[in-house]
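K.L.:
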């Protein structure tokens, strides 16, 4: 976690918790000096519960802890933004991903899958296919990418002939998953890919001069 600049205001400060990978707002809570110091030392969210009048380490009971990636105060130094990697089922006590309801239709599933791959690395699960791939290593992952690429090509040819995209969508999804696993093992993030695409394309989506089509 990157250490943040600025001093913690006196009393309670509202904290907005945001999923670092998807940008989705997860919850709103309150932080005081004690919970703020806990977060700096332990790297997991901790708030002050106004109803219980005590520290509240998020996920201590459920196991759905929030790993802090970055924290920052706003321009007035009176609101704290906490960007996290949400583990487990989600942030809300109702079982939903966000306290503001389930993710909307434009929720970035690629970020979610990438985060789940990282979670499997840190918290292995028995009979998990992702853990199987991570254990086997890069050669096995690349072999699967090759297989899925060939199957995607065949599915695309079939779709061109019969107009049915079902098989093609399935194969593209399989290929995308295995590429995400490969990216994770090599330390490449979706942000890296987005940044490279941003270099090649203008804000309006037109190709920059010298960029490949």
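Numbering (this note's numbering), first residue to last: 28 to 240.
In this text, a Cβ means the ideal position worked out from N, Cα and C, and glycines have one as well.
Only a predicted model underlies this, so the values are computations on that prediction, with no experimental measurement involved.
1. Could you tell me which residues DSSP puts in a beta bridge with residue 111?
2. Thinking C-alpha only, which one of 143, 152 and 118 is nearest residue 90?
3. Taking residue 208 as the reference, give the member of 95, 77, 65 and 169 with the closest Cα.
4. Output the distance between the C-alpha atoms of residue 47 and residue 113, rounded to the nearest integer angstrom.
5. Return helix, strand or coil for residue 38, following the three-state DSSP convention.
6. Using CA coordinates, which residue listed in 79, 62, 110 and 38 is at the minimum distance from residue 49?
7. Can you name the start and end residues of the beta strand (DSSP E) that residue 74 belongs to?
8. Taking the alpha-carbon of residue 178 as reference, which of 125, 194, 189 and 54 has the nearest alpha-carbon?
9. Below 7 Å between beta carbons: does that hold for residue 41 and residue 65?
10. Label residue 76 either buried or exposed according to how many other C-beta atoms from any shown protein chain fall within 10 Å of its C-beta, with 16 as the threshold for buried.
11. If you draw a straight line from the alpha carbon of residue 144 to that of residue 201, how long is it in whole angstroms?
12. Tell me the rounded alpha-carbon separation between residue 222 and residue 79.
13. If we require 4 or more residues per run, which alpha helix (DSSP H) segments fall completely within the stretch 136-194?
P.N.:
According to the structure shown:
1. Looking at the DSSP assignment, residue 111 forms a beta bridge with 46 and 95.
2. If we check each option's Cα against that of residue 90, 118 comes out closest.
3. Restricting attention to 95, 77, 65 and 169, the CA atom closest to the CA of residue 208 is found in 169.
4. Their backbone Cα atoms lie some 9 Å apart in a straight line.
5. Note: residue 38 maps to coil in three-state DSSP.
6. Measuring from the Cα of residue 49, the nearest candidate turns out to be 110.
7. Residue 74 -> beta strand (DSSP E) spans 73-76.
8. Answer by Cα proximity: 194.
9. By the CB criterion at 7 Å, residue 41 and residue 65 fall outside the cutoff.
10. Exposed.
11. Taking the straight line joining both Cα atoms gives about 14 Å.
12. Cα to Cα, residue 222 sits roughly 44 Å from residue 79.
13. List check, alpha helix (DSSP H) in window: 136-149, 156-163 and 165-189.
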